[in-house]
Structures are given as structure tokens and as C-alpha cells.
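**Student:** Please see the structure below; I have some questions.
What follows is the structure in C-alpha cells.
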């Protein structure tokens, strides 16, 4: 696979972990990965949002245990650290959705340095996802 496009809608740690791991594994193979953060997931591209993301709902009590196990596997346990690892690979781009940014009050200035920027869904679909060999939605 040469290109992978991933759309993430959730901002719960356990819901981010799977697409992050998929992106990580594909980046190790040299696959170009573009991740589009929509809805609440846009918060993961901000310092405050990344710092405050945790497991929610009926698994919330396992948040620290899961993060500990992630670290034991040699992966970054923190959201910002994981995003930095992904972009440091040179294969992964992180895009925020402009509609989500407007709804949830995120500006370009709020984005972590690792984010490529805020783009429209149309741009993601017509310029990025259409060129991907595979698309995943989380």
C-alpha cells in the first residue's frame, strides 16, 4: 500500500489508539498516511485537548492501566507524544477539519506544531482521500 487515508471522529483515548496504531504500523512500511480529524477529534490536535484526552464511559476506570500497557509495548502513551512520533516518521500528515474547527472553536494558532493545518472536507476528499489505496473511518 502506498497511501492510506484515515478519518477520526472521536476524542476518547481508546477510540484514538486504534487509528494511531494503524498509522504507526503503516508508516513503518513507508506508507504515506493522511489523518483527518473531524468532529470532537479536532481537539486532539490542540495542546489542551491532547493533554486532557482519556478513556471515557464504562472503561474510564482503566485509563491509566491502558496507557501503562501502551508504554510497555514501546509506543508513546500520551496523545501529543504519539502524534509527534507519527509525524517524525516523515510519512504521516495530520489535518484538522475546518467545519469541526469552527464548531469546536479551534484555530490554526491552537494547533500543535505537528499538525499540517486546517482544511476543508472537500479538499480532503477530492485531493487526499481519492488518491489513497485504502480509507479507514474511526
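In our numbering, the protein residues as written are 3 to 140.
Every residue, glycine too, gets a C-beta built ideally from N, C-alpha and C.
#1: Can you name the residues that DSSP bridges to residue 98?
#2: At which residues does the alpha helix (DSSP H) containing residue 66 begin and terminate?
#3: Rounded to the nearest angstrom, how far is the Cβ of residue 44 from that of residue 99, given a contact under 8 Å?
#4: With residue 47 and residue 117 assumed to form a contact (beta carbons below 8 Å), what rounded beta-carbon distance in angstroms separates them?
#5: So if DSSP puts residue 103 in a beta bridge, which residue, or which two residues, is it bridged to?
#6: Leaving out five residues before and five after residue 126 in sequence, what residues of the same chain have Cβ atoms less than 7 Å from its Cβ?
#7: Going by alpha carbons, who is nearest to residue 114 out of 49, 101, 60?
#8: To the nearest angstrom, how far is it from the Cα of residue 59 to the Cα of residue 72?
#9: Can you tell me where the beta strand (DSSP E) holding residue 137 begins and where it ends?
#10: Helix, strand or coil for residue 77 per DSSP?
#11: Within the same chain, show all residues whose beta-carbon is closer than 6 Å to that of residue 69, passing over the 5 residues directly before and after it, in chain order.
#12: When DSSP labels each residue in this structure, what does residue 130 get in the three-state scheme?
#13: Which residue wins for smallest C-alpha separation from residue 121, given the options 12, 15, 40?
**Tutor:** This is what the structure gives:
#1: According to DSSP, residue pairing for residue 98 in a beta bridge involves 39, 120.
#2: Start and end: 65 to 74.
#3: The Cβ separation is near 6 Å, so the contact holds.
#4: Contact flag correct, Cβ pair sits at about 5 Å.
#5: Answer is none; residue 103 lacks a bridge partner.
#6: Taken in chain order, the residues that qualify are 38, 97.
#7: Comparing alpha-carbon positions, the option among 49, 101, 60 lying closest to residue 114 turns out to be 49.
#8: So the two alpha carbons sit approximately 19 Å from each other.
#9: Boundaries of the beta strand (DSSP E) around residue 137: 136 to 139.
#10: Residue 77: coil per DSSP, three-state reduction.
#11: Excluding residues within five positions, the ones whose Cβ falls inside 6 Å are 79.
#12: Three-state result, residue 130: helix.
#13: Looking at the Cα atoms, 40 is the closest of the given residues.
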